[in-house]
Amino acid sequence: MIPEIGQFALIIALGLALIQSVVPLVGAHRGIPEWMAVARPAARGQFLFLVIAFGCLTYAFIYNDFSVRYTAENSNSLLPLQYRISAVWGAHEGSLLLWALILSGWTTAVTIFSRSIPQTYAARVIAVMGLISIGFLLFILFTSNPFDRLFPIPADGRDLNPLLQDPGLVIHPPMLYMGYVGFSVAFALAIAALLGGQLDATWARWSRPWATSAWIFLTIGIMLGSWWAYHELGWGGWWFWDPVENASFMPWLVGTALIHSLAVTEKRGAFKSWTVLLAILAFSLSLLGTFLVRSGVLVSVHAFATDPARGVYILAFLAVVVGGSLLLYAWRAPKVRSSGSFQSMSRETFLLINNILLVVALVTILVGTLYPLFLDALGLGKISVGPPYFDSVFAPLMIPLLFLMGVGPFVRWKQARASELIHRLRWVFAAAVVLGIGVPLVLFARNTIMVALGIGLSGWIVLSALYNLWSHIQRRRAHKSLAEAVTGVSRGIYGMTFAHLGMAIVAIGIIFSNAFGVEKELRMAPGESVALAGYVFRFEGSRPLEGPNYRSDQGVMTVTRDGRKVATLHPEKRIYHVQNNPMTEAGIDDNLLRDIYVAMGEPLTDGAWGMRVYYKPFIQWIWLGPLFMAFGGILAASDRRYRLAQRKEASQAIDAELNPSPGQT
Amino acid sequence: MISLLALPLWLGAKSVAEIDPALQDRYYGLLGELRCLVCQNQSLADSDAGLAQDLRDEVVKLLEQGASDREVLDFMHSRYGDFVLYKPLVQPKTYLLWYGPFVLLGGGALLMILMLRRRKTVSDTPLSEAEQEQLKQLLDESQDAQTKDNDT
Amino acid sequence: MSRFLIPAAIFIALVAFLAIGLTLDPRKVDSPLIDKPVPQFSLPRLKDASQVFSSDDFKGQISLLNVWATWCFACRQEHGVLVELSQQQQLPIYGLNYKDERPLALRWLRELGDPYTATAFDEDGRVAIDWGVYGAPETFLIDQNGMIRYKHIGPMTHEIYQTKILPIVKQLQETRI
């Protein structure tokens with residue numbers, strides 16, 4: 059009964075999505091306020107019914123209703139409760155339902171926080187999001203129905219993929235989807251602006267907090283995915299340039315470009331047609347990512363659920379949504395006039411360079427990810443494009459970006475002087491050079507040119523971000539107390555500072571763990587020990603362990619340094635009962651300066667095991683940095699002027715800068 | 014080395030090679046460049062598959078025989094083809110892959126320079142009345158929200 | 184107008200490639216050994232370890248080399264097909280027993296039938312590496328000069344044999360005349 063309610067709720071949600079998109083669009087076109095007013099209640103209703111549908115599916119998982127095919131395929135009565143809940147989005151059907159739910163959640167947020175937006179515009183935004191929702195709901199109902207029944211009813215389920223039975227995977231997909239789908243708001247704002255011809259500074263102002271919010275979630279989502287891979291895959295890696303990872307990284311890069319470009323458009327009215335293109339691209343790449351993950355066109359280590367038949371649908375949907383948007387863009391964007399003249403030495407130019415570098419990085423990843431497919435499609439054979447390629451092409455693109463990140467915040471809008479910049483930053487630069495050379499020597503007694511460059515650039519960003527913040531505070535000191543000056547600086551500035559610091563932290567983590575990490579793979583019998591980077595790992599032996607839905611061999615490894623005990627690690631090799639495949643759970647002792655990491659390979663004779671031991675300096679910084687970035691994003695998105703704008707602007711739509719009659723050029 | 018009795022691929026017990034420490038860096042570097050063919054998308058370093066273990070042993074053997082990195086990669090390439098190399102060879106069909114990003118970067122830089130030049134020559138068009146009103150409004154607001162400084 | 188169409192144009196090309204991509208199998212990998220001589224090797228025979236099976240044994244006839252193992256599920260699936268093909272006596276089929284245990288392999292042949300003219304016993308899988316084997320079963324077509332002409336990955340079927348292998352065999356036989 060419950061699954062049927064879910065199914066029915068899905069159908070009602072689809073009906074509401076249809077109303078939510080068609081009626082307000084027509085209303086906006088014809089200028090009928092009553093029709094436009096339908097948008098908000100319809101969107102909220104759709105959300106309500108998707109919550110019901112999602113709740114029904116969750117119910118089926120919690121109460122082990124294996125008459126539902128999707129539940130039977132992805133759960134098991136022995137599966138612990140938290141994983142029964144996360145199993146809801148553990149495979150294709152449920153993750154699409156989560157997608158649709160989150161989309162409608164964002165739409166509902168738009169209905170709440172769009173009071174200050176003119177009715178016509180808001181109606182179009184909500185309608186565009188409704189259109190996307192229609193596509194997804196049709197997809198779910200026709201090709202991927204999570205509520206399909208199964209007969210005969212199996213005695214037990216086939217269990218969730220053991221790889222996904224990890225705390226990291228409980229919240230990683232929802233976060234990632236919040237990010238992916240969050241870009242649909244910026245997308246809808248852009249499409250609605252193109253439709254209505256109001257591509258102006260207010261459009262940018264409305265878009266900024268939304269784009270930033272999506273970016274925050276995506277940042278956290280990617281971080282969690284990487285953290286999960288590090289813990290669960292057992293190879294000590296944290297980023298594999300795998301197609302699925304790239305699929306999440308591409309919208310992030312465009313999203314990053316977008317939040318910077320929106321700043322220019324909002325503040326200076328420049329780059330309008332470029333910014334709107336980025337807003338379209340960010341969401342388009344999210345859809346492309348969904349396609350790549352769900353269709354199986356690329357071989358991926360993470361491809362848990364693939365089905366080419368469904369791929370056809372997503373591709374068609376992608377073609378309609380993205381193709382349609384880009385054609386609309388091609389039609390409307392030529393009429394957009396950018397204002398705000400600026401000199402070649404200005405903040406605008408620096409942000410433009412930032413955008414170029416980020417977009418080139420994006421294209422590199424896109425081409426690298428799809429290149430094997432291109433060649434295969436052209437009959438030119440199979441090739442692989444993997445980490446060594448991406449590392450060697452991506453790093454050179456990041457170097458100028460990191461450098462500019464230190465300079466950018468000091469450059470004035472409109473017109474700046476190079477001599478002044480050099481004057482202000484010369485000591486920061488000198489200090490960065492010293493840090494780049496000195497820090498690795500002090501910490502690791504070694505240095506290389508690449509490490510010095512990377513650490514120097516990270517130091518450069520850190521120092522200049524802090525110096526920039528200090529200058530902002532200092533400027534207020536003249537007539538205010540220190541506390542007032544500190545709180546007087548806008549959250550936007552704090553946000554930028556944190557985000558840039560976060561980037562530097564990530565860079566430091568990557569550079570140190572790559573350059574000075576040590577690994578060893580060896581046979582270890584109980585009682586044997588191995589020395590690595592000053593630590594002595596002693597294998598005490600292994601013992602069998604019984605988990606709720608798996609059995610495992612748990613190794614005990616004591617780690618000492620200079621005779622003092624540092625940690626006892628418990629790596630595991632698990633065999634899950636139902637799917638019967640071995641899983642590696644790494645034993646990790648982490649702190650901010652280093653991780654020591656042990657993973658069990660295969661059992662050998664006489665109680666010995668193949669063991670992988672790692673020493674990874676500063677690796678936690680890779681996941682600490684995104685937290686800084688996300689926190690910066692939160693500060694920026696909650697800046698006072700957006701809240702103020704909410705109240706003040708009311709419905710004062712500023713004159714369209716675009717010629718309202720599309721016939722003239 | 015422990016002699017490997019024939020074992021099923023999916024159990025593929027590791028013959029744990031004690032590698033000359035001097036070769037270890039090269040060994041791990043090479044493993045990262047080679048793709049495990051039976052896996053979804055993993056390097057030889059990251060795979061537990063039996064074949065991956067055999068190929069790892071092969072890499073060790075070659076390194077111990079004094080093979081260069083290039084020779085090890087060629088050994089794998091001649092048997093398993095382009096697919097085994099995670100870093101594609103530079104050849105006509107991969108020119109776009111290898112040079113594309115840098116050409117694009119150059120193109121982007123060129124476009125930007127051209128755009129900036131063109132902008133310079135065009136003098137600022139005077140604002141229309143409506144735009145001036147709008148500008149005033151925006152300025153008032155931003156003054157309200159924060160003091161005038163370089164803000165992002 | 185035109186430059187604003189560029190994103191749409193790129194996107195359309197991308198969709199075309201993705202559409203083709205949906206029809207391809209990303210896991211079938213071509214062997215670089217096609218049209219190359221068979222790798223040199225010399226292995227004990229499965230049934231009689233004192234005898235040797237070497238790469239020279241391919242000379243002078245068109246033959247198949249089938250890589251198999253008792254632990255390989257798909258090999259069991261194709262075995263019947265191989266037995267039937269061997270009964271037709273069109274081509275000699277050689278076996279490469281890959282990373283297996285001799286008693287298990289011998290029992291397998293006793294129970295399921297032995298389609299192989301001779302089977303080489305590749306205990307540690309080193310020879311298979313030279314052949315670029317990455318997953319049993321794999322089947323190679325070798326011409327009378329000891330050149331590899333075709334490789335099939337996955338279980339052999341009558342359909343594959345008729346449509347992929349026989350046409351090449353015909354071609355090879357014609358060139359000899």
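Order-wise, the sequence lines are chains A, B and C.
Numbered per this note's numbering, the first sequence spans residues 59 to 723.
Numbered per this note's numbering, the second sequence spans residues 14 to 165.
Numbered per this note's numbering, the third sequence spans residues 184 to 360.
We put the CB at the ideal spot given by N, CA and C, even for glycine.
Open item on the list: Taking the alpha-carbon of Pro454 (chain A) as reference, which of A:Val418, A:His481, A:Val469 and A:Pro467 has the nearest alpha-carbon?
Closed with: Mapped onto the first sequence, residue 454 (chain A) falls at position 396. Out of A:Val418, A:His481, A:Val469 and A:Pro467, A:Val418 has the C-alpha closest to the C-alpha of Pro454 (chain A).
- [ ] Quick one: which unbroken beta strand (DSSP E) runs of 3-plus residues sit fully inside the region 239-284 of chain C? Chain order, please.
- [x] As for any beta strand (DSSP E) of minimum length 3 sitting wholly inside the region 239-284 of chain C, the runs are 246-251 and 276-281, ordered along the chain.
Open item on the list: So, with DSSP's three-state summary, where would you put Val491 (chain A)?
Closed with: Along the first sequence, read from residue 1 onward, the residue named residue 491 (chain A) stands at position 433. Val491 (chain A) falls in the helix class under three-state DSSP.
Open item on the list: Within the continuous beta strand (DSSP E) that includes Lys674 (chain A), where are the two ends?
Closed with: Taking the first sequence and counting its residues from 1, one reaches residue 674 (chain A) at position 616. Residues Trp667 to Pro675.
Open item on the list: So Leu455 (chain A) contacts chain B; which residues on that side make the cut at Cβ distance below 8 Å?
Closed with: What you label residue 455 (chain A) is simply residue 397 of the first sequence in a count that begins at 1. Among the residues of chain B, those whose CB is under 8 Å from the CB of Leu455 (chain A) are Pro114 and Leu118, following chain order.
Open item on the list: Using a Cβ-Cβ cutoff of 7 Å, what residues of the region 196-208 of chain C are near chain A? List them in chain order.
Closed with: Those would be Val198, Phe200, Leu201, Ala202, Ile203, Gly204, Leu205 and Leu207, in chain order.
Open item on the list: Counting only Cβ-Cβ distances shorter than 7 Å, please list the residues of the region 250-264 of chain A near chain B, keeping chain order.
Closed with: The region 250-264 of chain A vs chain B, Cβ under 7 Å: Ala259.
- [ ] Go ahead and pull the three-state DSSP assignment for Tyr588 (chain A).
- [x] Residue 588 (chain A) sits at position 530 when you count from the first residue of the first sequence. First, the residue type needs correcting, since residue 588 (chain A) is Val and not Tyr in the sequence shown. Reduced to three states, the DSSP call for Val588 (chain A) is strand.
Task: Proximity to Gln270 (chain C) [Cα-Cα], best of C:Gly278, C:Leu292, C:Tyr299 and C:Gln244 - done: In the third sequence, residue 270 (chain C) corresponds to position 87, counting from 1. Nearest of C:Gly278, C:Leu292, C:Tyr299 and C:Gln244 to Gln270 (chain C), Cα basis: C:Tyr299.
- [ ] Can you give me the start and stop residues for the beta strand (DSSP E) that Glu660 (chain A) sits inside?
- [x] For the purposes of this step, residue 660 (chain A) is taken as the residue at position 602 of the first sequence. Arg652 to Pro661 is the span of the beta strand (DSSP E), which, as asked, contains Glu660 (chain A).
- [ ] Mind listing the chain B neighbours of Asp300 (chain A)? Cutoff is C-beta to C-beta under 7 Å, in chain order.
- [x] Within the first sequence, residue 300 (chain A) is the residue found at index 242, counting from 1. Within chain B, the residues placing a beta-carbon under 7 Å from that of Asp300 (chain A) are Asn54, ordered along the chain.
Task: Contained alpha helix (DSSP H) runs [length at least 4] in the region 404-474 of chain A, N- to C-terminal order - done: If you keep only unbroken alpha helix (DSSP H) runs of at least 4 residues inside the region 404-474 of chain A, you get 405-435 and 445-465.
TODO: Take Trp285 (chain A) and list the residues in its own chain whose beta-carbon comes closer than 8 Å to its own, dropping the five residues that flank it on each side.
DONE: Here residue 285 (chain A) refers to the residue found at position 227 of the first sequence. The residues are Gly226, Trp296 and Trp681.
Open item on the list: Short of 8 Å Cβ to Cβ, which residues in the region 68-87 of chain B face chain C?
Closed with: For the region 68-87 of chain B, the set of residues with a beta-carbon nearer than 8 Å to any beta-carbon of chain C comprises Leu68 and Glu71, in chain order.
- [ ] Using the Cα positions of Cys255 (chain C) and His262 (chain C), report the straight-line distance between them to the nearest angstrom.
- [x] Here residue 255 (chain C) is taken as the residue at index 72 of the third sequence, counted from 1. Here residue 262 (chain C) is taken as the residue at index 79 of the third sequence, counted from 1. Cα to Cα, Cys255 (chain C) sits roughly 11 Å from His262 (chain C).
Open item on the list: Quick check on this structure: which residue in A:Ala541, A:Asp434 and A:Gly613 has the alpha carbon closest to the alpha carbon of Lys106 (chain B)?
Closed with: In the second sequence, the residue the question calls residue 106 (chain B) occupies position 93. Of the listed residues, the one whose Cα sits closest to Lys106 (chain B) is A:Asp434.
Open item on the list: Would Pro91 (chain A) and Gln177 (chain A) be called neighbours here (beta carbons separated by less than 8 Å)?
Closed with: For this step, residue 91 (chain A) is matched to residue 33 along the first sequence. For this step, residue 177 (chain A) is matched to residue 119 along the first sequence. Contact flag set, yes.
TODO: Rank C:Arg186, C:Glu321, C:Pro350 and C:Phe187 by C-alpha distance to the C-alpha of Gln273 (chain C) and give the top, closest one.
DONE: To locate residue 273 (chain C), count along the third sequence from 1; it is residue 90. Closest by alpha carbon: C:Pro350.
Open item on the list: Counting only C-beta atoms, is Arg130 (chain B) closer than 8 Å to chain C at any point?
Closed with: As a first step, residue 130 (chain B) must be located in the second sequence, where it is residue number 117. Taking Cβ atoms only, chain C never reaches closer than 8 Å to Arg130 (chain B), which makes this a no.
Task: Inter-stretch contact (C-beta, 8 Å, three-pair minimum) for the region 323-343 of chain A and the region 245-263 of chain A - done: As far as the Cβ criterion goes, the region 323-343 of chain A touches the region 245-263 of chain A, which means the pair count is three or higher.
Task: Rounded separation between Ala657 (chain A) and Gly613 (chain A) - CA only - done: To locate residue 657 (chain A), count along the first sequence from 1; it is residue 599. To locate residue 613 (chain A), count along the first sequence from 1; it is residue 555. Spanning the alpha carbons of Ala657 (chain A) and Gly613 (chain A) requires a straight line of approximately 9 Å.
TODO: Could you check if Val29 (chain B) is buried or exposed, using at least 16 other CB atoms within 10 Å of its CB as the buried criterion?
DONE: Here residue 29 (chain B) refers to the residue found at position 16 when the second sequence is read from its first residue. With a pLDDT of 47 at Val29 (chain B), under the threshold of 50, the predicted position of this residue should be treated as unreliable, though the coordinate-derived value follows. Per the 10 Å Cβ criterion, buried.
TODO: Let me know the secondary structure DSSP gives Ala95 (chain A) once reduced to three states.
DONE: In the first sequence, counting from the first residue as 1, residue 95 (chain A) sits at position 37. Coil at Ala95 (chain A), not helix or strand.
Task: alpha helix (DSSP H) segments (min. 4 residues) lying fully within the region 240-298 of chain A - done: Listed in chain order, the complete alpha helix (DSSP H) runs (minimum 4 residues) inside the region 240-298 of chain A are 259-290.
Open item on the list: Here's the rule: buried if 16 or more other CB atoms are within 10 angstroms of the residue's CB, otherwise exposed. What is Phe209 (chain A)?
Closed with: Numbered from 1 along the first sequence, position 151 holds the residue referred to as residue 209 (chain A). Phe209 (chain A) sits exposed, since fewer than 16 C-beta atoms from the chains shown fall within 10 Å of its C-beta.
- [ ] Answer with buried or exposed for Ile69 (chain A), where buried requires no fewer than 16 other C-beta atoms within 10 angstroms of its C-beta.
- [x] Taking the first sequence and counting its residues from 1, the one referred to as residue 69 (chain A) is at position 11. Classification for Ile69 (chain A): exposed.
TODO: Kindly list, in the order they appear in chain C, the residues whose Cβ is closer than 7 Å to that of Lys440 (chain A).
DONE: What you label residue 440 (chain A) is simply residue 382 of the first sequence in a count that begins at 1. Within 7 Å Cβ-Cβ: Val212 and Asp213.
TODO: Return the residues of the region 413-438 of chain A that lie within a Cβ-Cβ distance of less than 7 Å from chain B, sorted by chain order.
DONE: Residues of the region 413-438 of chain A with a Cβ closer than 7 Å to any Cβ of chain B, in chain order: Ile414, Val418, Val421, Thr422, Val425, Gly426, Tyr429, Leu433 and Leu438.
Task: Within 8 Å, strictly: CB atoms of Phe8 (chain A) and Asp206 (chain A) - done: There is no way to answer for residue 8 (chain A), as the model of chain A reaches only from 59 to 723.
- [ ] Evaluate the contact criterion for the region 693-701 of chain A versus the region 267-275 of chain A: three or more CB pairs, one atom per stretch, below 8 Å.
- [x] Yes, they touch.
Open item on the list: Could you check whether the Cβ of Val103 (chain B) sits closer than 8 Å to any Cβ belonging to chain C?
Closed with: Stepping through the second sequence from its first residue, residue 103 (chain B) is reached at position 90. No, because no Cβ of chain C sits closer than 8 Å to the Cβ of Val103 (chain B).
Open item on the list: Per the DSSP calculation, His335 (chain C) is bridged to which residue(s)?
Closed with: By one-based count along the third sequence, residue 335 (chain C) stands at place 152. For His335 (chain C), the beta-bridge partners assigned by DSSP are C:Thr322.
TODO: Give me the Cβ distance between Leu409 (chain A) and Ala321 (chain A), rounded to the nearest whole Å; I'm assuming they're in contact under 8 Å.
DONE: Residue 409 (chain A) sits at position 351 when you count from the first residue of the first sequence. Residue 321 (chain A) sits at position 263 when you count from the first residue of the first sequence. Going by Cβ atoms, the distance from Leu409 (chain A) to Ala321 (chain A) rounds to 7 Å, so yes, they are a contact pair.
- [ ] Taking only the alpha-carbon atoms, compute the straight-line gap between Ser191 (chain A) and Leu252 (chain A) and give it to the nearest angstrom.
- [x] Position 133 of the first sequence, counting from 1, holds the residue named residue 191 (chain A). Position 194 of the first sequence, counting from 1, holds the residue named residue 252 (chain A). Ser191 (chain A) and Leu252 (chain A): Cα-Cα distance of roughly 20 Å.
- [ ] Below 8 Å on the Cβ atoms is my guess for Met233 (chain A) versus Phe275 (chain A); work out the distance and round it to an integer in Å.
- [x] Counting from one through the first sequence, the residue named residue 233 (chain A) turns up at place 175. Counting from one through the first sequence, the residue named residue 275 (chain A) turns up at place 217. The Cβ separation is near 5 Å, so the contact holds.
Task: Where the beta strand (DSSP E) containing Arg504 (chain A) begins and where it ends - done: In the first sequence, the residue the question calls residue 504 (chain A) occupies position 446. That residue, Arg504 (chain A), is in no beta strand (DSSP E); it is neither H nor E in DSSP.
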